[in-house]
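Undergrad: One line per chain: the protein sequences are A, B and C, in this order. Taking my numbering, I'd label the letters of the first sequence as residues 1 to 483. Taking my numbering, I'd label the letters of the second sequence as residues 484 to 718. Taking my numbering, I'd label the letters of the third sequence as residues 719 to 888. The beta-carbon is built from N, C-alpha and C at its ideal position, and this holds for glycine as well. A quick note: this is a predicted structure, and the numbers were derived from the prediction, not measured.
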Amino acid sequence: MSVEPDAHRAQPRAVDYDDAIVKKFIVATLVFGVVGMLVGVILALQLAWWPANLGLEYTTFGRLRPLHTNAVIFAFTGNFIFAGIYYSIQRLLKTRLFSDALSNIHFWGWQLIILAAAISLPMGLTQGKEYAELIWPIDIAIAVIWVVFAINFFGTIAIRKVKHLYVAIWFYMSMVITIAVLHIVNSLAVPATLTRSYPIYAGMTDALVQWWYGHNAVGFLLTTPILGLMYYFLPKSVERPVFSYRLSIIHFWALIFLYIWAGPHHLLYSALPDWAQTLGMVFSVMLIAPSWGGMLNGLLTLRGAWDRLRTDPIVKFWAVAVTFYGMSTFEGPMMSVRAVNSLSHFTDWTIGHVHSGALGWVGMAAFAMTYWLVPKVWKTELYSVKAAGLHFWIATIGIVLYVVAMWAAGITQGLMWRALDDGGQLKYPAFLDTVLQLMPFYWIRLIGGLSYLTGMLMCCWNVIMTVKNAPAGDAAVQPAVAK
Amino acid sequence: MSNDANPSWHRKALEHRSALFAVLVTVGISIGGLVEIVPMYNIETGPETLEGVEPYTPLELVGRDIYVSEGCYNCHSQWVRPFRSETLRYGPWSRAGEYAYDHPFQLGSRRIGPDLMRVGKKYPDAWHWEHMRDPRSTSPGSIMPPYPWLYEKTWSVEDAQASMRAMQTLGVPYSDADIEGAGESMQRQSQEIVASLAKAGAKAQGDEQVVALIAYLQRLGTDGRAAIEAQEAAQ
Amino acid sequence: MSDNYVPDQILGHADEADGIEEYDNRLPRWWLGLFLFTVAWSPVYAIHYHFIAHRSQAAEYEAEMAAAAERWPQMSAEDVAKMEVTEDVIAEGKAIYEANCVACHGADLHGGIGPDLTDSEWIHGGTRDDIIQTVTNGVADKGMPSWGPILGPEKVAKVAAFVHQAGGGQ
Numbered sequence: 001m002s003v004e005p006d007a008h009r010a011q012p013r014a015v016d017y018d019d020a021i022v023k024k025f026i027v028a029t030l031v032f033g034v035v036g037m038l039v040g041v042i043l044a045l046q047l048a049w050w051p052a053n054l055g056l057e058y059t060t061f062g063r064l065r066p067l068h069t070n071a072v073i074f075a076f077t078g079n080f081i082f083a084g085i086y087y088s089i090q091r092l093l094k095t096r097l098f099s100d101a102l103s104n105i106h107f108w109g110w111q112l113i114i115l116a117a118a119i120s121l122p123m124g125l126t127q128g129k130e131y132a133e134l135i136w137p138i139d140i141a142i143a144v145i146w147v148v149f150a151i152n153f154f155g156t157i158a159i160r161k162v163k164h165l166y167v168a169i170w171f172y173m174s175m176v177i178t179i180a181v182l183h184i185v186n187s188l189a190v191p192a193t194l195t196r197s198y199p200i201y202a203g204m205t206d207a208l209v210q211w212w213y214g215h216n217a218v219g220f221l222l223t224t225p226i227l228g229l230m231y232y233f234l235p236k237s238v239e240r241p242v243f244s245y246r247l248s249i250i251h252f253w254a255l256i257f258l259y260i261w262a263g264p265h266h267l268l269y270s271a272l273p274d275w276a277q278t279l280g281m282v283f284s285v286m287l288i289a290p291s292w293g294g295m296l297n298g299l300l301t302l303r304g305a306w307d308r309l310r311t312d313p314i315v316k317f318w319a320v321a322v323t324f325y326g327m328s329t330f331e332g333p334m335m336s337v338r339a340v341n342s343l344s345h346f347t348d349w350t351i352g353h354v355h356s357g358a359l360g361w362v363g364m365a366a367f368a369m370t371y372w373l374v375p376k377v378w379k380t381e382l383y384s385v386k387a388a389g390l391h392f393w394i395a396t397i398g399i400v401l402y403v404v405a406m407w408a409a410g411i412t413q414g415l416m417w418r419a420l421d422d423g424g425q426l427k428y429p430a431f432l433d434t435v436l437q438l439m440p441f442y443w444i445r446l447i448g449g450l451s452y453l454t455g456m457l458m459c460c461w462n463v464i465m466t467v468k469n470a471p472a473g474d475a476a477v478q479p480a481v482a483k
Numbered sequence: 484m485s486n487d488a489n490p491s492w493h494r495k496a497l498e499h500r501s502a503l504f505a506v507l508v509t510v511g512i513s514i515g516g517l518v519e520i521v522p523m524y525n526i527e528t529g530p531e532t533l534e535g536v537e538p539y540t541p542l543e544l545v546g547r548d549i550y551v552s553e554g555c556y557n558c559h560s561q562w563v564r565p566f567r568s569e570t571l572r573y574g575p576w577s578r579a580g581e582y583a584y585d586h587p588f589q590l591g592s593r594r595i596g597p598d599l600m601r602v603g604k605k606y607p608d609a610w611h612w613e614h615m616r617d618p619r620s621t622s623p624g625s626i627m628p629p630y631p632w633l634y635e636k637t638w639s640v641e642d643a644q645a646s647m648r649a650m651q652t653l654g655v656p657y658s659d660a661d662i663e664g665a666g667e668s669m670q671r672q673s674q675e676i677v678a679s680l681a682k683a684g685a686k687a688q689g690d691e692q693v694v695a696l697i698a699y700l701q702r703l704g705t706d707g708r709a710a711i712e713a714q715e716a717a718q
Numbered sequence: 719m720s721d722n723y724v725p726d727q728i729l730g731h732a733d734e735a736d737g738i739e740e741y742d743n744r745l746p747r748w749w750l751g752l753f754l755f756t757v758a759w760s761p762v763y764a765i766h767y768h769f770i771a772h773r774s775q776a777a778e779y780e781a782e783m784a785a786a787a788e789r790w791p792q793m794s795a796e797d798v799a800k801m802e803v804t805e806d807v808i809a810e811g812k813a814i815y816e817a818n819c820v821a822c823h824g825a826d827l828h829g830g831i832g833p834d835l836t837d838s839e840w841i842h843g844g845t846r847d848d849i850i851q852t853v854t855n856g857v858a859d860k861g862m863p864s865w866g867p868i869l870g871p872e873k874v875a876k877v878a879a880f881v882h883q884a885g886g887g888q
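Listed below in structure tokens is the structure:
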């Protein structure tokens, strides 16, 4: 990590890049990573030991679970993506960001939205649609801030000093556009009061629109922007050429075109018309290869850097992130096949699947980027490479415990639900029996989650120590935000 | 093989035209959504309707708001799949028409607790009254949290009317008279529940939020069950 | 892809990518094969499902129910009426009880929301036929639902047999 990556660049660095905004987003990423994962750990405990609901209306599972999902998707991942995009597009386009004012409105607006979410969700103010729970005034704020971000993003592209757009930018662009479309269409609602509204869609149509949104929030917030970040930060970290440009082209267009169709796989065997269910299934299957295109371009870019896999935690984080990406993008299409879904649906298998993507792909990529980027923007060395290496192992073990426990729990419960006795009657007619069976897995999941959170805290400590050791001039603005 | 001297078609045609690139991305990500969502508004291709499914009463509507607000959907589905193992456990599988007045839908995605699609009229009011206050009193070993605040907080007629007006805009067939008479309707329905609770020895006022929630839960899936059974009998 | 393809050739885009070089390696054959296979398989599956096999989830449910009816024949009303109370019947009745009745009458039949089924007092009659009547029609006044339409006559008879035996009926 001591190698200067800019050494072989054709031109000397002449542009005054805005790294202050990148620093802010990094700090927000770490803060909300801790918050989001901590809430996740509390939820895991609540399922294993119900008194952890604390007897307060603000802390029941039903109200905290949306807080967890919103915090890790929009606060942790959102800030992580913004940090990475704002750092990389300036370099890729050889220009400062379009507008410092917009950058700051974007940052503070986004944090205010997160604050509003953190207050409103425990109060039970919700729209009742998964990952789109936030009430309509906050939804409007999200739309406004997203437009601010989009203007800043496209404005930066407009004033770029290079001719062609690198593949990372394509992926960023697909996120900026698609998230805007998804958020606005899915959030269309008629307000009843200042805090309550009803979606304009009814019943199964609402369900379809919601899962078109929900699935593609995964696709275009947890996948494509992070692939974009991978195309920048992974080759930067290992100083190797990207494996295949033509693979980039094909998997990019195939991915964004196919992804959007796959939402109905969340509604297999529901009252959604059969034709729509079939579309959801086959488009999910067709997504395997385009997804694996990203995995291949990541893994094969690591060719020639395998020796660093033993010594450099950043390379380890990337290797595992990309591997988990490949695994969950195989598992997802499998779970979208009708026969498999009939077993996996409604069970913890789904929870395990989501977390192998979220902890394995998104989280590990975030750590890889953070450990590379923090020393860059604070112009110093990472405080402890050893601690980063330890973080890698704690996090990896945490994911494995989590995912394996959820596979076991999901398959156990799915099989118990459908088990019949010799007379053709339900073998486990009492639903509760199928829940109590899961308790050992829930404790293992809790340990997995705690490990991952511990790693996250180690990362924060490492970053704080790194920043403390940074040259004074650059670190001066930071402590106020770090709190 | 392409190189700088011989750039690919993609590089020549697209990578320097950012606006065109953005337009193509927009087109690319729009097609799937349009093809799937637009036919939902066509009678032939959209969700089937079911005769006999009526809108929620004002009290049930308020109860539904509580259901949404407490995030019940995080643990309970309202979606019986067309498998024998599910219909044995819960009752008739869910038909699209049953959800006709559901804004938002509450199908759920994870069954930490049982499906609630057919819970309506399955248990007496008193069961729900006890269960929401102390889930383990009726379901020993349950991991559901208790909801004592639903017994302290009250529902309001104005809230129900605001909801009904919004629903009216969305095409739910509430007449102005329905909205006008919401208070009376809520009074009547809540007192019926109070009376049935009293017979089981539970003292309720009727304006507790849990009463509205019970009204909603007792309605769940009942229209649909009756309509499905009528349909099957006719065949 | 021309014949003089050489892998791992730098494209020379790095100046416009912050120094990141790119190869233009061929798509891995197996990857391309996988992609083409899924793209080819998908319409075949969809067309077969909807237009050739005319499958639908409703039809599959009917088929599953028909197969179950054949494997575990349902009793006719007459058979239900003269059903003998065997150990199997009691066991089935117990399963039905556990799925539907424990919520109010308790796992041990000692009652809760609903009355104790093990004491000597039978509010609505304690013969097997009385119990069948009570379960079938419910007791609206007390909040006991009518289970007849939900369970059907056979299951009602079986659960009544279980309650009659386990609760010490008359």
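1) S622 (chain B) by DSSP, collapsed to three states: which one?
2) Going by DSSP in three states, S2 (chain A) sits in which element: helix, strand or coil?
3) Between I411 (chain A) and W372 (chain A), how many whole angstroms is the CB-CB distance? I'm expecting something under 8 Å.
4) For Q775 (chain C), return the contacting residues in chain B, with the cut-off set at a CB-CB distance below 7 Å.
5) Reducing DSSP to helix, strand and coil, say where E691 (chain B) ends up.
6) Using three-state DSSP, classify L752 (chain C) as helix, strand or coil.
7) Should A665 (chain B) be labelled buried (16 or more other beta-carbon atoms within 10 Å of its own) or exposed?
8) What are the complete alpha helix (DSSP H) segments, minimum 4 residues, inside the segment 503-590 of chain B?
9) Between I169 (chain A) and H611 (chain B), what straight-line distance do the alpha-carbon atoms span, to the nearest angstrom?
10) Is G469 (chain B) near G603 (chain B), with beta carbons less than 9 Å apart?
11) Determine the closest residue to A276 (chain A) out of B:P530, B:S622, B:N489, B:S501, with distance taken between C-alpha atoms.
12) Is the Cβ of K860 (chain C) closer than 9 Å to any Cβ of chain E?
13) Does any C-beta atom of chain C lie closer than 9 Å to the C-beta of Y269 (chain A)?
14) What whole-angstrom Cβ distance do V315 (chain A) and S237 (chain A) have, given they're in contact under 8 Å?
15) Beta-carbon within less than 7 Å of L247 (chain A)'s beta-carbon, same chain only, minus the 5 sequence neighbours each way: which residues are those?
16) At a cut of 8 Å, does the segment 148-168 of chain A reach the segment 493-507 of chain B through at least three beta carbon pairs?
17) Taking 9 Å as the threshold (beta carbon to beta carbon), is M793 (chain C) in contact with chain B?
18) In the DSSP output, what is M862 (chain C) paired with across the bridge?
19) What are the residues in the segment 588-615 of chain B lying within 7 Å of chain C by C-beta distance?
20) Could you give the distance in angstroms between the alpha-carbon of M647 (chain B) and the alpha-carbon of Y524 (chain B)?
21) Which term fits G55 (chain A), buried or exposed, when burial requires 16 or more other beta carbons within 10 angstroms of its beta carbon?
22) Give the range of the beta strand (DSSP E) segment to which P235 (chain A) is assigned.
23) According to the Cβ coordinates, are V545 (chain B) and D608 (chain B) closer than 9 Å?
24) Can you find the residues in the same chain that come closer than 8 Å, C-beta to C-beta, to R593 (chain B), ignoring five residues on each side of it along the sequence?
25) So, using beta-carbon positions, are I177 (chain A) and V521 (chain B) closer together than 9 Å?
26) Which runs of the alpha helix (DSSP H), 4 residues or longer, sit entirely within the segment 751-815 of chain C?
27) Tell me the rounded alpha-carbon separation between E331 (chain A) and S244 (chain A).
28) Which of helix, strand or coil does DSSP assign to A143 (chain A)?
29) W393 (chain A) by DSSP, collapsed to three states: which one?
30) Is the separation between the beta-carbon of L633 (chain B) and that of V693 (chain B) shorter than 9 Å?
31) How would you label Y723 (chain C), buried or exposed, when you count the other beta carbons within 10 angstroms and need 16 or more for buried?
32) Who pairs with Y741 (chain C) in a beta bridge, going by DSSP?
33) Let's see if you can read the secondary structure: which residues bound the beta strand (DSSP E) around V190 (chain A)?
34) Quick one: what does DSSP say L428 (chain A) is sitting in, helix, strand or coil?
35) Run through the DSSP bridge pairs and tell me what T852 (chain C) is partnered with.
36) Would F880 (chain C) pass as an interface residue toward chain A - the criterion being a Cβ-Cβ separation below 9 Å?
TA: Taking the coordinates as given:
1) Taking the first residue of the second sequence as 1, we reach residue 622 (chain B) at position 139. Coil at S622 (chain B), not helix or strand.
2) Here residue 2 (chain A) corresponds to residue number 2 of the first sequence, with the count starting at 1. Residue placement at S2 (chain A) is flagged as unreliable, the pLDDT there being 44, under the threshold of 50; the coordinate-derived value follows with that caveat. Here S2 (chain A) sits in coil by DSSP.
3) Along the first sequence, one-based indexing puts residue 411 (chain A) at 411. Along the first sequence, one-based indexing puts residue 372 (chain A) at 372. With 8 Å as the limit, I411 (chain A) and W372 (chain A) do not qualify as a contact, their Cβ atoms being about 38 Å apart.
4) If you number the third sequence from 1, residue 775 (chain C) lands on position 57. In chain order: P565.
5) Counted from its first residue, the second sequence places residue 691 (chain B) at position 208. Three-state result, E691 (chain B): strand.
6) Numbered from its first residue, the third sequence carries residue 752 (chain C) at position 34. DSSP places L752 (chain C) in helix when its eight states are reduced to three.
7) Here the question's residue 665 (chain B) lines up with position 182 in the second sequence. Classification of A665 (chain B): buried, given that the 10 Å Cβ count is 16 or more.
8) Counting whole runs of 4 or more residues, the segment 503-590 of chain B contains the alpha helix (DSSP H) stretches 541-552, 567-573.
9) Numbered from its first residue, the first sequence carries residue 169 (chain A) at position 169. Numbered from its first residue, the second sequence carries residue 611 (chain B) at position 128. Their Cα atoms are separated by approximately 54 Å.
10) Here chain B covers residues 484 to 718 and nothing more, so residue 469 (chain B) does not appear.
11) Numbered from its first residue, the first sequence carries residue 276 (chain A) at position 276. Considering only alpha carbons, the answer is B:P530.
12) The question asks about chain E, but that chain is absent: this structure's protein chains are A, B and C.
13) Position 269 of the first sequence holds residue 269 (chain A). Yes - at least one Cβ of chain C is within 9 Å of the one on Y269 (chain A).
14) For this step, residue 315 (chain A) is matched to residue 315 along the first sequence. For this step, residue 237 (chain A) is matched to residue 237 along the first sequence. The C-beta distance from V315 (chain A) to S237 (chain A) rounds to 7 Å, short enough to fall under 8 Å.
15) Reading the first sequence from its first residue, position 247 is the one you call residue 247 (chain A). Short of 7 Å from the beta carbon of L247 (chain A), and not among the five residues preceding or following it, lie these beta carbons of its own chain, in chain order: G293, L296, N297.
16) yes
17) By 1-based counting over the third sequence, the position of residue 793 (chain C) is 75. Output row for M793 (chain C): interface = no.
18) Mapped onto the third sequence, residue 862 (chain C) falls at position 144. Looking at the DSSP assignment, M862 (chain C) forms a beta bridge with C:V857.
19) Cβ contacts with chain C come from K604, K605, Y606, P607, D608, A609, W610, E613.
20) For the purposes of this step, residue 647 (chain B) is taken as residue 164 along the second sequence, with counting starting at 1. For the purposes of this step, residue 524 (chain B) is taken as residue 41 along the second sequence, with counting starting at 1. One C-alpha to the other measures close to 23 Å.
21) Residue mapping note: residue 55 (chain A) aligns to position 55 of the first sequence, counting from 1. Exposed, because fewer than 16 other Cβ atoms sit within 10 Å of the Cβ of G55 (chain A).
22) Here residue 235 (chain A) refers to the residue found at position 235 when the first sequence is read from its first residue. Element bounds for P235 (chain A): not the beta strand (DSSP E) but the alpha helix (DSSP H), 224-238.
23) Taking the second sequence and counting its residues from 1, the one referred to as residue 545 (chain B) is at position 62. Taking the second sequence and counting its residues from 1, the one referred to as residue 608 (chain B) is at position 125. Not closer than 9 Å, so no.
24) Within the second sequence, numbered from 1, the residue matching residue 593 (chain B) stands at position 110. These residues qualify, in order along the chain: N557, C558, S560.
25) Along the first sequence, one-based indexing puts residue 177 (chain A) at 177. Along the second sequence, one-based indexing puts residue 521 (chain B) at 38. The beta carbons of I177 (chain A) and V521 (chain B) sit no closer together than 9 Å.
26) 775-789, 795-799
27) On the first sequence, residue 331 (chain A) is found 331 positions in, with the first residue counted as 1. On the first sequence, residue 244 (chain A) is found 244 positions in, with the first residue counted as 1. Per the coordinates, the alpha-carbon of E331 (chain A) lies some 25 Å from the alpha-carbon of S244 (chain A).
28) Taking the first sequence and counting its residues from 1, the one referred to as residue 143 (chain A) is at position 143. Three-state result, A143 (chain A): helix.
29) For the purposes of this step, residue 393 (chain A) is identified with residue 393 of the first sequence, where counting begins at 1. The answer is helix: DSSP assigns W393 (chain A) an H, G or I state.
30) As a first step, residue 633 (chain B) is located in the second sequence; it is residue number 150 there, counting from the start. As a first step, residue 693 (chain B) is located in the second sequence; it is residue number 210 there, counting from the start. Cβ distance < 9 Å, so L633 (chain B) and V693 (chain B) count as in contact.
31) Within the third sequence, residue 723 (chain C) is the residue found at index 5, counting from 1. Exposed is the call here.
32) Residue 741 (chain C) sits at position 23 when you count from the first residue of the third sequence. Looking at the DSSP assignment, Y741 (chain C) forms a beta bridge with C:I728.
33) Start at 1 with the first residue of the first sequence, and residue 190 (chain A) comes out as number 190. Where V190 (chain A) is concerned, the enclosing beta strand (DSSP E) stretches over 189-191.
34) Stepping through the first sequence from its first residue, residue 428 (chain A) is reached at position 428. What sits at residue 428 (chain A) in the sequence shown is Tyr, not Leu. Coil at Y428 (chain A), not helix or strand.
35) Position 134 of the third sequence, counted from the start, is the residue given in the question as residue 852 (chain C). Looking at the DSSP assignment, T852 (chain C) forms no beta bridge with any residue, so it has no partner.
36) Residue numbering aside, residue 880 (chain C) sits at position 162 when the third sequence is read from its first letter. No - not a single Cβ of chain A is within 9 Å of the one on F880 (chain C).
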